[in-house]
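2 protein chains.
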Amino acid sequence: MPIHVLIVGAGAVGAFYGARLHQPLNKASKETLVSVVCRSNYNIVNKKGFEIESPVYGSSVWKPHRVFNSCTQAAASGIQFDYIVVTTKALPEVRDDSVDISPVVTGISAIVLIQNGFGIEWPYRDRYPQSPIISCVTLVSCTQTKPGLIVHSRWARIYMGPFYTKNNPTQQPPLALQTETTSNMTTLVDLFKQGGVDEAYMMDAIEIQLTRWHKLAINATFSPTSILGGGVGIASLLPDPTINEHARECMREVFEAGPKLFGRPFPSHLASIDSILENTKKNVGFKPSMLVDWEEKRPLELEVILGNPLNLAKLHGVEMPRIQTLYALLKSAYAQRKSAHSKL
Amino acid sequence: MPIHVLIVGAGAVGAFYGARLHQPLNKASKETLVSVVCRSNYNIVNKKGFEIESPVYGSSVWKPHRVFNSCTQAAASGIQFDYIVVTTKALPEVRDDSVDISPVVTGISAIVLIQNGFGIEWPYRDRYPQSPIISCVTLVSCTQTKPGLIVHSRWARIYMGPFYTKNNPTQQPPLALQTETTSNMTTLVDLFKQGGVDEAYMMDAIEIQLTRWHKLAINATFSPTSILGGGVGIASLLPDPTINEHARECMREVFEAGPKLFGRPFPSHLASIDSILENTKKNVGFKPSMLVDWEEKRPLELEVILGNPLNLAKLHGVEMPRIQTLYALLKSAYAQRKSAHSKL
Numbered sequence: 001m002p003i004h005v006l007i008v009g010a011g012a013v014g015a016f017y018g019a020r021l022h023q024p025l026n027k028a029s030k031e032t033l034v035s036v037v038c039r040s041n042y043n044i045v046n047k048k049g050f051e052i053e054s055p056v057y058g059s060s061v062w063k064p065h066r067v068f069n070s071c072t073q074a075a076a077s078g079i080q081f082d083y084i085v086v087t088t089k090a091l092p093e094v095r096d097d098s099v100d101i102s103p104v105v106t107g108i109s110a111i112v113l114i115q116n117g118f119g120i121e122w123p124y125r126d127r128y129p130q131s132p133i134i135s136c137v138t139l140v141s142c143t144q145t146k147p148g149l150i151v152h153s154r155w156a157r158i159y160m161g162p163f164y165t166k167n168n169p170t171q172q173p174p175l176a177l178q179t180e181t182t183s184n185m186t187t188l189v190d191l192f193k194q195g196g197v198d199e200a201y202m203m204d205a206i207e208i209q210l211t212r213w214h215k216l217a218i219n220a221t222f223s224p225t226s227i228l229g230g231g232v233g234i235a236s237l238l239p240d241p242t243i244n245e246h247a248r249e250c251m252r253e254v255f256e257a258g259p260k261l262f263g264r265p266f267p268s269h270l271a272s273i274d275s276i277l278e279n280t281k282k283n284v285g286f287k288p289s290m291l292v293d294w295e296e297k298r299p300l301e302l303e304v305i306l307g308n309p310l311n312l313a314k315l316h317g318v319e320m321p322r323i324q325t326l327y328a329l330l331k332s333a334y335a336q337r338k339s340a341h342s343k344l
Numbered sequence: 001m002p003i004h005v006l007i008v009g010a011g012a013v014g015a016f017y018g019a020r021l022h023q024p025l026n027k028a029s030k031e032t033l034v035s036v037v038c039r040s041n042y043n044i045v046n047k048k049g050f051e052i053e054s055p056v057y058g059s060s061v062w063k064p065h066r067v068f069n070s071c072t073q074a075a076a077s078g079i080q081f082d083y084i085v086v087t088t089k090a091l092p093e094v095r096d097d098s099v100d101i102s103p104v105v106t107g108i109s110a111i112v113l114i115q116n117g118f119g120i121e122w123p124y125r126d127r128y129p130q131s132p133i134i135s136c137v138t139l140v141s142c143t144q145t146k147p148g149l150i151v152h153s154r155w156a157r158i159y160m161g162p163f164y165t166k167n168n169p170t171q172q173p174p175l176a177l178q179t180e181t182t183s184n185m186t187t188l189v190d191l192f193k194q195g196g197v198d199e200a201y202m203m204d205a206i207e208i209q210l211t212r213w214h215k216l217a218i219n220a221t222f223s224p225t226s227i228l229g230g231g232v233g234i235a236s237l238l239p240d241p242t243i244n245e246h247a248r249e250c251m252r253e254v255f256e257a258g259p260k261l262f263g264r265p266f267p268s269h270l271a272s273i274d275s276i277l278e279n280t281k282k283n284v285g286f287k288p289s290m291l292v293d294w295e296e297k298r299p300l301e302l303e304v305i306l307g308n309p310l311n312l313a314k315l316h317g318v319e320m321p322r323i324q325t326l327y328a329l330l331k332s333a334y335a336q337r338k339s340a341h342s343k344l
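So, in structure tokens, the structure goes:
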């Protein structure tokens, strides 16, 4: 029996990792068949597969095992999926992807979430209390430049850890769930490595949350600042000392809150505020994806980048004043833009 | 000898108070002749004077004693001005009004500043170390609806106090300057009262700064929030609990900083955060003047509303994190808009 993987929301990140995991003729170990659920790019992918260009893995066309236009269609195929990998944008205020995947979730499915933000696991944990959930933080730079064409430029690093309990990652989960999740995760890391993703790492439940939280320092600071600060990439704003002070202090709020919420310092390999600022300054021309979403008038990942972290912090009596101000302003500007838009 | 007053920058506030002070045929006390320096409205005012409509003072046409198009022209008139009343918008980053008035400043001139913001007196104190400076905070709702037409709708309250020393209002000034400033101020309050402005009050040097600072809670919070929060009046934003928390906490930062900087609590008659929020919520449709300036692509009073207060606070080791974030974002958005504009 092959291992069946379903990528739900096969945009740039989903297609990139799907292609790495797909091993249809594997003799050394178990065959892995990756199918995809596509939305806007369904027609082209169904016809031609994905073209993937990468400086690391070369250029190739990847034909997924099956291409579906919905999870309902995927369920109708009769395939039992071992891994359901969700790589959609996390927009709990717009749609609940945990509902969308319900037709394909079976007793054998592990749910793998490769998404930005914080608290993205919460609706899945509520809806599937028995299912293993693997929470992933990835560092990968790839874009779908047109439907079906994925350009990978830098990095392919993925951290994963189990997700057991909403709001309290220190709570002990049932032993069966722990065993199953760990086994799923171990296999998944192997599959990534077989696919050439050397930098696939396992973490414990707290480390992965700390890693997610750490990434918030970047996303919760730079994305809103880029939008509210006039709609430009953060690199061109940071040389201004006023913006620099603001950005540094926003990041400090996030950095100081993390260990208070999770009872442990950040994993030592994660970047410091200084090095994040230095690297970001060099990245001239780069636009945070939230700024691109803003420009394209697409929904913003407001709740998972700002709302959920603020809620959890408040629950623990930890304040992040500047981040709260960014959330309030951006939420308001976003609502105003939507209402202005709807008048058109 | 009549008392000569020159209003520099006779827009709505300048024209309104100029008309109240002007008493050309006063038999009861000293005659007061008010002249004006007009900019954009010079032609119409020179020809017809100001039309002023007010529910309190009625509708009338006010012909100033003389109408000038610049301070240089005013100086050429040979009149020695006892009071030079500056009612321009305070834009130290765009222009230095303390330079503009230099032709009319003589040894007898008291400089009266009726302007919003904080630190507006600084360039005047630097340039005219010997001159009495009277710092005024006004609560008046009036607009120039077209050139030369001033509509007064509510309030005519003015607080004034001496300004002696930049950055340290607790420092003792030279006795001669104290005496002269107090005498000028006493006369000015009498002139206002003769003109029907009953609510003209004198304060000491610290009280007036505390009053200015108190007003910042409103201006430094609501104006940037209205602009960054999507370009709408604050009243329509405040019902949202996220914006409400943000606004309340911004105001709290300003409220807590004031007494630390000036060594004294706020004068007891000044409004609380709760009552400001309640009143503001009711003011549906109202747009802060900074939002109107933003919409009209005019310069913003960024430095006197945000930059100067933050500088003084930092000098005293007091942090206002949310206000600093508002400053950074708005300054950046403003710079971006200017650079986008300049490409047109």
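Sequences listed follow chains Z and W, in order. Under UniProt numbering, the first residue of the first sequence carries the number 1, and numbering increases by one thereafter. Under UniProt numbering, the first residue of the second sequence carries the number 1, and numbering increases by one thereafter. We put the CB at the ideal spot given by N, CA and C, even for glycine.
So that I know if they touch, is there some Cβ in chain Z lying closer than 9 angstroms to that of residue i?
i                      : result
Glu245 of chain W      : yes
Leu344 of chain W      : Since pLDDT at Leu344 of chain W reaches only 41, below the 50 mark, its modelled position is unreliable, and the value read off the structure follows with that caveat. No - not a single Cβ of chain Z is within 9 angstroms of the one on Leu344 of chain W.
Gly119 of chain W      : no
Lys287 of chain W      : no
Gln144 of chain W      : no
residue 353 of chain W : Because chain W in this structure spans residues 1 to 344, residue 353 of chain W falls outside the shown range and cannot be described.
Leu237 of chain W      : yes
Val232 of chain W      : yes
Gln324 of chain W      : yes
Lys331 of chain W      : yes
Thr280 of chain W      : no
Ser93 of chain W       : Correcting the residue type first, residue 93 of chain W is Glu in the shown sequence and not Ser. Output row for Glu93 of chain W: interface = no.
Glu249 of chain W      : yes
Asp240 of chain W      : yes
Can you give me the start and stop residues for the alpha helix (DSSP H) that residue i sits inside?
i                 : result
Ser223 of chain Z : Ala205 to Leu228
Val45 of chain W  : Tyr42 to Lys48
Cys71 of chain Z  : Cys71 to Ala76
Cys250 of chain Z : Pro241 to Phe262
Tyr124 of chain Z : Trp122 to Arg127
Val112 of chain Z : That residue, Val112 of chain Z, is in no alpha helix (DSSP H); its beta strand (DSSP E) goes Ala110 to Ile114.
Arg66 of chain W  : Per DSSP, Arg66 of chain W belongs to no alpha helix (DSSP H) and is neither H nor E.
Strictly under 9 angstroms for the Cβ-Cβ distance: is residue i near chain W by that measure?
i                 : result
Ala328 of chain Z : yes
Ala335 of chain Z : yes
Asp293 of chain Z : no
Gly229 of chain Z : yes
Pro321 of chain Z : yes
Pro309 of chain Z : no
Glu256 of chain Z : no
Thr225 of chain Z : yes
Assuming residue i and residue j are in contact, meaning their beta carbons sit under 8 angstroms apart, how far apart are those beta carbons, in whole angstroms?
i                 : j                 : result
Ser77 of chain W  : Ile243 of chain Z : Incorrect: roughly 47 angstroms between the Cβ atoms, too far for contact.
Arg125 of chain Z : Lys63 of chain Z  : Wrong, their Cβ atoms sit about 34 angstroms apart, outside the cutoff.
Val254 of chain W : Met185 of chain W : That pair is no contact at about 26 angstroms.
Pro174 of chain Z : Ser226 of chain Z : Not quite, the Cβ-Cβ distance comes to about 43 angstroms (not below 8 angstroms), so this is no contact.
Ile158 of chain Z : Glu199 of chain Z : 7 angstroms
Pro132 of chain Z : Glu93 of chain Z  : Contact doesn't hold; Cβ gap of about 26 angstroms is too wide.
For residue i, which of the options has the nearest alpha-carbon?
i                 : options                                   : result
Asp82 of chain W  : W:Ser226, W:Ser131 and W:Ser109           : W:Ser109
Val203 of chain Z : Z:Leu188, Z:Asn283 and Z:Ala220           : Per the sequence shown, residue 203 of chain Z should be read as Met rather than Val. Nearest of Z:Leu188, Z:Asn283 and Z:Ala220 to Met203 of chain Z, Cα basis: Z:Leu188.
Gly58 of chain Z  : Z:Gly196, Z:Val104, Z:Gln178 and Z:Ser183 : Z:Gly196
His152 of chain Z : Z:Ile52, Z:Glu180 and Z:Ala235            : Z:Ile52
Ala10 of chain Z  : Z:Leu291, Z:Leu149, Z:Pro24 and Z:Glu199  : Z:Leu149
Val86 of chain W  : W:Asp97, W:Glu93, W:Pro92 and W:Gly230    : W:Asp97
Met1 of chain W   : W:Glu31, W:Arg20, W:Ala12 and W:Thr181    : W:Glu31
Tyr164 of chain Z : Z:Phe50, Z:Leu228 and Z:Gln172            : Z:Gln172
Ala328 of chain W : W:Gly119, W:Lys47 and W:Leu310            : W:Leu310
Ile101 of chain Z : Z:Ile114, Z:Ala74 and Z:Gly117            : Z:Ala74
Does the Cβ of residue i lie closer than 8 angstroms to at least one heavy atom of the ligand ADP?
i                 : result
Gly148 of chain W : Questions concerning the ligand ADP fall outside what the structure shown contains, since it holds no ligand whatsoever.
Could you spell out the range, first to last residue, of the beta strand (DSSP E) harbouring residue i?
i                 : result
Val140 of chain W : Ile133 to Lys146
Met202 of chain Z : Ala200 to Met202
Gly58 of chain W  : Gly58 to Trp62
Three or more C-beta pairs under 8 angstroms: does that hold for the region 310 to 325 of chain W against the region 199 to 217 of chain Z?
no
When you compare the region 294 to 308 of chain W with the region 192 to 212 of chain W, are there three or more beta-carbon pairs, one atom per stretch, that lie closer than 8 angstroms?
no
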